[in-house]
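Working notes, beginning with the structure itself.
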Amino acid sequence: MAARSHPGRTFAAHAILIAYTLIALFPVWVIVINSVKSRRAIFGAPLAVPTPETWDLVGYTTVLENGDFFGYFQNSLIVTVASIFFVLLFGAMAAFALSEYRFRGNTLTGLYLALGIMIPIRLGTVAILQGMVAAGLVNTLTALILVYTAQGLPLAVFILSEFMRNVSDDLKNAGRMDGLSEYAIFFRLVLPLVRPAMATVAVFTMIPIWNDLWFPLILAPSEATKTITLGSQVFIGQFVTNWNAVLAALSLAIVPVLILYLIFSRQLIRGITAGAVK
Amino acid sequence: MGALQLQGLRKSFGKTEIIKGVDLSVQDGEFVVFVGPSGCGKSTLLRMIAGLEDVTTGTVVLDGEDVTNVAPARRGIAMVFQTYALYPHLTVRDNMGLALKQAGTPRAEIARDVDRASTMLALDPYLDRRPAELSGGQRQRVAIGRAIVRTPKLFVFDEPLSNLDAALRVATRIEIARLHRELGATMIYVTHDQVEAMTLADRIVVLRAGEVEQVGAPMELYNDPDNTFVAGFIGSPKMNFLKGAALGDRADTVGIRPEHLAISREGGTIPGTVSHVEKLGGETLVYVRTEPHGLLTVRLFGEHDFAVDESVGLTPDATRVFRFDASGRRLR
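Protein chains in written order, with the working numbering: chain V, 267 to 544; chain L, 1143 to 1474.
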């Protein structure tokens, strides 16, 4: 306690954390302030805060007039939320099976499922595209959801099975004695206890999906299925880039993911494990 | 209501055999304690009875019905766990009523049974709290209440007192003994603590490495152990084992309890020097280093003064010695 309340140490710790926060937030800050400046001001003084003279919402108006931006947003949200849902559901189920049941090949199955952490799914892009074409899923959100679910599962299984191993065996056995089915034990006893881990997995899964450009470009580039990241690319040309619009689109794209993050981080902190055992 | 038979029960994990053939018959209303060192398979055996572990071979018969392959919830067995294992998201009331709710019991009946159990355990003021808001002792009472509510044929307890502090352990032990008298139910209780076993049991089953070493009433095991393992395990402090040859005895090993060993400054059968003295008020334990028997414990009643390194003589009470052969079997 003495060490913790020492003013010098507290100051140093805060100074380091604040410095890191500033470094991390700096690019975001630059994007946001420049998104509300005129084109000339962006290039003239990129780091300056917008003033009444340089204030210009032309980026936002361009973004909202050109293309179906709300549609892109909706696509991104649907893909991200659905993928997180499936990753958490199937990841947790696989993790439960691996950590709870003894069966032949348990360890091998676990390693096989974890393999995806080390091998990037993009290596299989050609095969995935061929598969999607054969299945008639090109230019559908389903294609993206399937790919992102596959991409997120390895890490989810890996993290969640570690956490599920720590859930008290006695608690699960108490459920069995009281006549709960294995599904009830999974959904009602185990899942609430690993909620902080689920939130962690959700955050780790969410960001790469939201920011991905690769698979939307390859699997679903049609106007109806464009995601926000892909939609923003229309303003980046080979010769001319509409920086106002790009920055405005990027600023807007931060908002939904920020909201999702806030929802999950609340779960991270909450957790009702206390009092379960001991 | 509640007679249990185990017939040739075996359990293997892969090639390792954990339970090596257990035959046991528990009478209706009996309080049986499984005791043994950690890793002896007592908890595994209990879980096999409860249905939480598969039986490799053998049968579990409860009330004349073969329940070997019956799901845990349908066996009519209630279990109390070492870590309480209360549902963290449910109130005390819902924790206790969940099993009945799962079985489809009418709501009014559940409320009545929960109230009866909570009165019995003095849990009435806590019914609407969650487990996190209870102390360790209260949580274990809720866990016991959850078992009582089901009015099972058989109660099984898996080291229920291990997580409680010493004072609570004694109080809860008395509580469990009282419940057994009031309910008249069959109970099986697992512990590694021989004091719990001695104070609670009608019969004790001593297990070692997956095998039953001896079954009997606490005083039978204390006064008439079959082998050195049981003799050493039952009774505290542990029985002294002397080398028969050095005493001029026909037996390989001679066992004598600390309370049956007289100590004298004037000398005795076995000479030695005092190594350590523990004064507990009501009794004094003297540890005496001897050749060739090693460290022997002497238990004296009341307060006694012995200096460390003092020379003393020990004399076993010849009528209270146990003789064992080289394999540890009792010579009768």
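Beta carbons: idealized from backbone N, C-alpha and C, even for Gly.
What you are looking at is a predicted structure, and each value in this text was computed from that prediction instead of being measured.
Between the C-alpha atoms of valine 543 of chain V and methionine 1262 of chain L, what's the straight-line distance to the nearest angstrom?
-> If you number the first sequence from 1, residue 543 of chain V lands on position 277. If you number the second sequence from 1, residue 1262 of chain L lands on position 120. Residue placement at valine 543 of chain V cannot be trusted, given a pLDDT of 42 that sits under 50; what the coordinates show is reported in the next sentence. In a straight line, the C-alpha of valine 543 of chain V is about 23 Å away from that of methionine 1262 of chain L.
Please look up how many angstroms separate the CB atoms of valine 1357 of chain L and leucine 1166 of chain L, rounded, as I've assumed it's under 8 Å.
-> Within the second sequence, the letter at position 215 stands for residue 1357 of chain L. Within the second sequence, the letter at position 24 stands for residue 1166 of chain L. With a Cβ gap of about 7 Å, valine 1357 of chain L and leucine 1166 of chain L count as contacting.
For isoleucine 394 of chain V, which option in V/Leu291, V/Phe501 and V/Phe481 has the closest C-alpha, if you only look at C-alpha atoms?
-> Mapped onto the first sequence, residue 394 of chain V falls at position 128. Taking only the C-alpha atoms, the option nearest isoleucine 394 of chain V is V/Phe481.
Determine the closest residue to valine 1454 of chain L out of L/Ile1160, L/Arg1471, L/Thr1201 and L/Val1430, with distance taken between C-alpha atoms.
-> Here the question's residue 1454 of chain L lines up with position 312 in the second sequence. For valine 1454 of chain L, the nearest C-alpha among the options comes from L/Val1430.
Does DSSP put asparagine 1382 of chain L in a helix, in a strand, or in coil?
-> Here residue 1382 of chain L refers to the residue found at position 240 when the second sequence is read from its first residue. DSSP places asparagine 1382 of chain L in strand when its eight states are reduced to three.
Whole runs of the alpha helix (DSSP H) within the region 1384–1423 of chain L, excluding any shorter than 4 residues = 1386–1389
Rounded straight-line distance, which links the Cα of methionine 1340 of chain L to that of glycine 1171 of chain L | Sequence index remark: in the second sequence, residue 1171 of chain L carries index 29 (1-based). Sequence index remark: in the second sequence, residue 1340 of chain L carries index 198 (1-based). Roughly 17 Å separates the two Cα atoms.
Inter-residue Cα distance where the pair is isoleucine 1398 of chain L and methionine 1329 of chain L = Along the second sequence, read from residue 1 onward, the residue named residue 1398 of chain L stands at position 256. Along the second sequence, read from residue 1 onward, the residue named residue 1329 of chain L stands at position 187. Answer to the nearest angstrom: the Cα atoms are 32 Å apart.
Chain V contacts from the region 1220–1234 of chain L (Cβ-Cβ distance under 8 Å) = Ala1220, Met1221, Phe1223, Gln1224, Thr1225, Tyr1226, Ala1227, Leu1228, Tyr1229, Pro1230 and His1231
Going by DSSP, name the residue or residues bridged to proline 1458 of chain L.
-> Numbered from its first residue, the second sequence carries residue 1458 of chain L at position 316. The partner list for proline 1458 of chain L (beta bridge, DSSP) reads L/Leu1403.
Give a yes or no on whether the minimum CB-CB distance between isoleucine 538 of chain V and chain L is below 7 Å.
-> Position 272 of the first sequence holds residue 538 of chain V. With a pLDDT of 41 at isoleucine 538 of chain V, under the threshold of 50, the modelled position of this residue cannot be trusted; read the value that follows with caution. Chain L, which has a Cβ nearer than 7 Å to the Cβ of isoleucine 538 of chain V, makes this yes.
What's the C-alpha gap between alanine 1351 of chain L and arginine 1152 of chain L?
-> By one-based count along the second sequence, residue 1351 of chain L stands at place 209. By one-based count along the second sequence, residue 1152 of chain L stands at place 10. Straight-line Cα distance between these residues: approximately 12 Å.
Taking the continuous beta strand (DSSP E) assigned at glutamate 1159 of chain L, which residues delimit it?
-> Translated into positions along the second sequence, residue 1159 of chain L becomes position 17. 1158–1168 is the span of the beta strand (DSSP E), which, as asked, contains glutamate 1159 of chain L.
DSSP three-state call for isoleucine 385 of chain V: helix, strand or coil?
-> As a working note, residue 385 of chain V is residue 119 in the first sequence. Note: isoleucine 385 of chain V maps to coil in three-state DSSP.
List the residues of chain V that proline 1413 of chain L touches, going by C-beta distances under 8 Å, in chain order.
-> Position 271 of the second sequence, counted from the start, is the residue given in the question as residue 1413 of chain L. Per Cβ cutoff of 8 Å: no residues; proline 1413 of chain L is ~50 Å from chain V at best.
Rounded C-alpha distance that separates valine 1197 of chain L from valine 1450 of chain L | Counting from 1 along the second sequence, the entry for residue 1197 of chain L is found at position 55. Counting from 1 along the second sequence, the entry for residue 1450 of chain L is found at position 308. The alpha-carbon atoms of valine 1197 of chain L and valine 1450 of chain L are separated by roughly 54 Å.
To the nearest whole angstrom, what separates the beta carbons of methionine 472 of chain V and valine 523 of chain V, a pair I think is in contact under 8 Å?
-> Within the first sequence, residue 472 of chain V is the residue found at index 206, counting from 1. Within the first sequence, residue 523 of chain V is the residue found at index 257, counting from 1. Confirmed, about 7 Å.
The beta strand (DSSP E) spanning alanine 463 of chain V covers which residue range?
-> Residue numbering aside, residue 463 of chain V sits at position 197 when the first sequence is read from its first letter. Per DSSP, alanine 463 of chain V belongs to no beta strand (DSSP E); it is in the alpha helix (DSSP H), 461–477.
Which residue comes first and which comes last in the beta strand (DSSP E) that contains arginine 1350 of chain L?
-> As a working mapping, residue 1350 of chain L is identified with position 208 in the second sequence. Its beta strand (DSSP E) spans residues 1345–1350.
Below-7 Å beta-carbon distance, serine 434 of chain V vs any chain L residue | Start at 1 with the first residue of the first sequence, and residue 434 of chain V comes out as number 168. For serine 434 of chain V, the answer is yes, since a Cβ of chain L falls inside 7 Å of its Cβ.
List the endpoints of the continuous alpha helix (DSSP H) containing glycine 1278 of chain L.
-> Counting from one through the second sequence, the residue named residue 1278 of chain L turns up at place 136. 1278–1291 is the extent of the alpha helix (DSSP H) around glycine 1278 of chain L.
In three-state DSSP terms, what is serine 1180 of chain L?
-> In the second sequence, counting from the first residue as 1, residue 1180 of chain L sits at position 38. Three-state result, serine 1180 of chain L: coil.
Grab the span of the beta strand (DSSP E) containing proline 1154 of chain L for me, first residue to last.
-> Here residue 1154 of chain L refers to the residue found at position 12 of the second sequence. The sequence as given places serine at residue 1154 of chain L; proline does not occur at that position. Run containing serine 1154 of chain L: 1146–1155, per the beta strand (DSSP E) assignment.
Unbroken stretches of the alpha helix (DSSP H), 4 residues or longer, contained in the region 1180–1215 of chain L | 1184–1192
Could you have a look at glutamine 1356 of chain L and say whether DSSP puts it in helix, strand or coil?
-> Residue 1356 of chain L sits at position 214 when you count from the first residue of the second sequence. Correct three-state label for glutamine 1356 of chain L: strand.
Verify the CB distance criterion: does glycine 402 of chain V have a CB-CB separation below 7 Å to chain L?
-> Against the first sequence, residue 402 of chain V aligns to sequence position 136. No, no contact with chain L.
For arginine 1431 of chain L, the three-state DSSP class (helix, strand or coil) | Position 289 of the second sequence holds residue 1431 of chain L. Note: arginine 1431 of chain L maps to strand in three-state DSSP.
Chain V contact for alanine 1404 of chain L (CB, 7 Å cutoff) = Taking the first residue of the second sequence as 1, we reach residue 1404 of chain L at position 262. Not an interface residue.
Among the residues of its own chain, which have a CB less than 6 Å from the CB of tyrosine 1234 of chain L, if the five just before and after it don't count?
-> The residue you call residue 1234 of chain L lines up with position 92 of the second sequence. In the sequence as displayed, the identity of residue 1234 of chain L is valine instead of tyrosine. Excluding residues within five positions, the ones whose Cβ falls inside 6 Å are Tyr1268, Leu1269, Arg1271 and Val1284.
Would a check of beta-carbon distances place glycine 541 of chain V closer than 7 Å to chain L?
-> The residue labelled residue 541 of chain V in the question sits at position 275 within the first sequence. With a pLDDT of only 38 at glycine 541 of chain V, under the threshold of 50, the placement of this residue in the model should not be trusted, and no figure is reported.
Apart from the five residues on each side of it in sequence, which residues of its chain come closer than 7 Å, Cβ to Cβ, to asparagine 508 of chain V?
-> In the first sequence, the residue the question calls residue 508 of chain V occupies position 242. Here the set comprises Thr328 and Phe501.
How about the region 491–505 of chain V and the region 419–439 of chain V: do they share at least three Cβ pairs that are nearer than 8 Å?
-> no
For methionine 398 of chain V and leucine 407 of chain V, the rounded distance between their alpha carbons = Here the question's residue 407 of chain V lines up with position 141 in the first sequence. Here the question's residue 398 of chain V lines up with position 132 in the first sequence. Straight-line Cα distance between these residues: approximately 11 Å.
Could one say the Cβ of alanine 268 of chain V lies closer than 7 Å to chain L's Cβ atoms, at least one of them?
-> If you number the first sequence from 1, residue 268 of chain V lands on position 2. Only weak support is given to the placement of alanine 268 of chain V: the predicted model assigns it a pLDDT of 48, under 50, and the question is left unresolved by the model.
Assign asparagine 510 of chain V to one of three DSSP states: helix, strand, or coil.
-> Position 244 of the first sequence, counted from the start, is the residue given in the question as residue 510 of chain V. In the structure shown, asparagine 510 of chain V sits in a helix (DSSP, three-state: H, G or I).
Where glycine 1410 of chain L and proline 1458 of chain L are concerned, what is the direct C-alpha to C-alpha distance, given to the nearest angstrom?
-> To locate residue 1410 of chain L, count along the second sequence from 1; it is residue 268. To locate residue 1458 of chain L, count along the second sequence from 1; it is residue 316. One C-alpha to the other measures close to 9 Å.
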